[in-house]
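Visitor:
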Amino acid sequence: MRIKLFFPSALIILLFLLNNNLPAANQTERILDYKSDITVYRDGSMTVTETIKVISKGDQIKRGIYRTFPTKYKDRY
363 MRIKLFFPSA LIILLFLLNN NLPAANQTER ILDYKSDITV YRDGSMTVTE
413 TIKVISKGDQ IKRGIYRTFP TKYKDRY
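For the sequence shown, the numbering used here begins at 363 and goes up steadily by one.
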């Protein structure tokens, strides 16, 4: 009798634990982490590396992020 109750109970507990650990199963779209590494060189050029970790289902976040950096200035700096 004990063995007959143990296996179904263990199976239910195992399924519950596995279901709670599914990534992005019931989560909304959001940014989890954002890192930016920017190097500006003496000649005015620069290197930008961004690392963004997101949860996206395609509802709100559909494309990547576009960046525009100014290349012409009104003053001399």
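Virtual Cβ for every residue (Gly too), placed ideally from N, Cα, C.
1. Determine the DSSP secondary structure at I427, reduced to helix, strand or coil.
2. Between which residues of its own chain and R392 is the CB-CB distance below 6 Å, once the five residues before and five after are set aside?
3. So, are the CB atoms of I414 and Y396 less than 8 Å apart?
4. Under three-state DSSP, which class holds A386?
Guide: Considering the structure as presented:
1. coil
2. I417
3. yes
4. Low confidence applies to A386: its pLDDT is 47, below 50, so where it sits in the model is not reliable, and the reading given next is rough at best. In the structure shown, A386 sits in coil (DSSP, three-state: anything other than H, G, I, E or B).
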